[in-house]
Amino acid sequence: NQSIDFSKCGECRLCVKACPGQALTGINWEKQMKREQIIDVHKCYETQKRIMFENTGIDYDLCGKCFAICTYTQIYLKNCLG
Numbered sequence: 023n024q025s026i027d028f029s030k031c032g033e034c035r036l037c038v039k040a041c042p043g044q045a046l047t048g049i050n051w052e053k054q055m056k057r058e059q060i061i062d063v064h065k066c067y068e069t070q071k072r073i074m075f076e077n078t079g080i081d082y083d084l085c086g087k088c089f090a091i092c093t094y095t096q097i098y099l100k101n102c103l104g
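Mapping of the sequence shown onto this note's numbering: position 63 corresponds to residue 85, and the numbering continues sequentially without gaps.
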């Protein structure tokens with residue numbers, strides 16, 4: 023597998039729009055960038071827990087909407103999983 027050292031997102035903001043916690047900043051990432059520059063981790067975590075608890079009664083963090091909607095994630099999954 024080839025390493026990815028920079029964002030291929032360009033102007034795409036599907037993940038930013040899909041985030042129920044509005045935790046993503048919309049900044050394209052680069053290698054060595056701190057994650058806090060692209061996501062508010064606390065806001066993401068708290069929103070995940072709230073949504074999961076409201077829908078299932080389980081106090082656990084699970085969302086993944088940003089990954090599920092990402093064009094590159096879909097391409098990766100299609101290539102890897104067939």
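Even for Gly, the Cβ is constructed at its ideal location relative to N, Cα and C.
Keep in mind the model is a prediction, meaning the values are calculated, not measured.
_Inter-residue spacing [alpha-carbon to alpha-carbon] between Leu46 and Asp62_ = For Leu46 and Asp62, the distance between alpha carbons rounds to 6 Å.
What do you reckon, are the CB atoms on Cys37 and Thr69 nearer than 9 Å? Contact check for Cys37 against Thr69 fails: the beta carbons are separated by 9 Å or more.
*Buried or exposed for Gly32, please, with buried defined as at least 16 other CB atoms from any protein chain shown within 10 angstroms of its CB.*
Using a 10 angstroms sphere on the CB of Gly32, the tally of other CB atoms stays under 16, which defines it as exposed.
Point to revise | Rounded straight-line distance, which links the Cα of Asn50 to that of Cys34 | key: Going by C-alpha positions, Cys34 is about 9 Å away from Asn50.
Is it buried or exposed for Cys102, if we count other Cβ within 10 angstroms and need 16 for buried?
Classification for Cys102: exposed.
**Report entry** Bounding residues of the alpha helix (DSSP H) (the contiguous stretch that carries Ile73)
**Finding:** From DSSP, the alpha helix (DSSP H) with Ile73 extends over 63 to 78.
(request) Output the boundary residues of the alpha helix (DSSP H) element that contains Lys53. (result) Run containing Lys53: none; DSSP gives neither H nor E here.
Name the DSSP bridge partner or partners of Leu36? None, per the DSSP bridge assignment.
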